[in-house]
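Chemist: These protein sequence lines are chains A and B, in that order. Under the numbering used here, the first residue of the first sequence is numbered 1, with each subsequent residue one higher. Under the numbering used here, the first residue of the second sequence is numbered 1001, with each subsequent residue one higher. Here you go, one structure.
There are 2 protein chains.
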Amino acid sequence: MESAFAIIAEPNRRAILSLLVRSHQSVGEIERRLRMPQPTVSKHLRVLRDAGFVESTVDAQRRVYCLKPEPFQEVDDWLDQFRRFWSDHVDALERHLDRLHPSTPTKETKEKTRRKR
Amino acid sequence: MESAFAIIAEPNRRAILSLLVRSHQSVGEIERRLRMPQPTVSKHLRVLRDAGFVESTVDAQRRVYCLKPEPFQEVDDWLDQFRRFWSDHVDALERHLDRLHPSTPTKETKEKTRRKR
DNA sequence: CACGTATATGCCTAATTGAGTATACTAGGG
DNA sequence: CCCTAGTATACTCAATTAGGCATATACGTG
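Following this line, the structure appears as structure tokens:
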């Protein structure tokens, strides 16, 4: 019953998730790409599976893991209450910067933070 | 040098952050509202402050804490790579549901997940 | 059915951390 | 000044957990 937050607190697990978002992978592929010992990979995958972040399908002796979306939602939902707060701050920063360099494009930042609800 | 992810893995800290997003609070106010022992509050605030989630200003013997936006960005940025993935899934689910109940409005879900980038 | 490959699990250890308790520090107010 | 309120910190303990290693299990192939 670990919260999704505790699960993604571990850097290796985040790495696995970031790898799986591109496409599904077998344990061996994850092991090689992330240069982790196999038991480490398997154990993290176990945690991720129990928490609903991934699921596995069997392919002969291989287990192929793929992402599941739900737990990410939980994190995103929690984060949501802070969005207005932090985009207000970014906007204020932008206005401040605009007064110093009226032509500097801050698009990058805007796209990332100011998503209208 | 704790990652923001490790910081928000702790439920009491998330509670403190959720409280502070409404408005700044003194240690005593946090203590009373969250019904936590004072040293616990102070310790978590210390962690949050070191990680840049909050900052404190002095008001006589009181310390008033308020939120800082930056660390939230870090989490949101990481989460970003999964957004397309999970909204694809939600969309698929919606299409599926639409075929069962062509008139059911799934607005709620749409607003939360399908934010165009 | 023996064997190799692919993956999971069990055990141990070291490190981290949150809670509890007591105590230290600081700023006013009488 | 002493006293109190408000907050921070030190210390101890218990629990959790990630890593390393060895081993077990499952599957496919000759």
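Each residue gets a CB set at the ideal place from its N, CA and C atoms; glycine is no exception. Small disclaimer: the values here were computed from a predicted structure and weren't measured.
Looking at the strands, I want to know which residues DSSP matches up with D1077 (chain B).
Modeler: Answer is none; D1077 (chain B) lacks a bridge partner.
Chemist: For V75 (chain A), go through chain B and note every residue whose CB falls closer than 8 Å to its CB, in chain order.
Modeler: Correct list: V1075, L1079.
Chemist: Is D1080 (chain B) near the ligand ADP, in the sense that its beta carbon is under 7 Å from a heavy atom of that ligand?
Modeler: With respect to the ligand ADP, the structure offers nothing, as it holds no ligand at all.
Chemist: Name the two residues that bound the continuous alpha helix (DSSP H) containing E29 (chain A).
Modeler: 27–34
Chemist: Do we get a CB-CB distance below 8 Å when we pair V1064 (chain B) with the residues of chain A?
Modeler: no
Chemist: In whole angstroms, what is the alpha-carbon distance linking R13 (chain A) and H44 (chain A)?
Modeler: 6 Å
Chemist: At a CB-CB cut-off below 7 Å, which residues of chain A make contact with H1089 (chain B)?
Modeler: Neighbourhood of H1089 (chain B) in chain A, by CB distance below 7 Å: P69, in chain order.
Chemist: Any chance the stretch 1015–1027 of chain B sits against the stretch 71–90 of chain A, with 3 or more Cβ pairs inside 8 Å?
Modeler: yes
Chemist: Excluding the 5 residues flanking L100 (chain A) on each side, which residues of the same chain have their C-beta closer than 7 Å to its C-beta?
Modeler: none
Chemist: Can we say the stretch 1019–1039 of chain B touches the stretch 1068–1077 of chain B, given the rule of at least three CB pairs closer than 8 Å?
Modeler: no
Chemist: Reducing DSSP to helix, strand and coil, say where S56 (chain A) ends up.
Modeler: strand
Chemist: Are the beta-carbon atoms belonging to A1006 (chain B) and A9 (chain A) less than 8 Å from one another?
Modeler: yes
Chemist: Which first and last residues belong to the alpha helix (DSSP H) in which V41 (chain A) is found?
Modeler: DSSP places V41 (chain A) in the uninterrupted alpha helix (DSSP H) bounded by 38–50.
Chemist: Would H49 (chain A) and S56 (chain A) be called neighbours here (beta carbons separated by less than 8 Å)?
Modeler: Correcting the residue type first, residue 49 (chain A) is Arg in the shown sequence and not His. Going by C-beta atoms, R49 (chain A) is nearer than 8 Å to S56 (chain A).
Chemist: On the three-state DSSP scale, how would you describe R1063 (chain B)?
Modeler: strand
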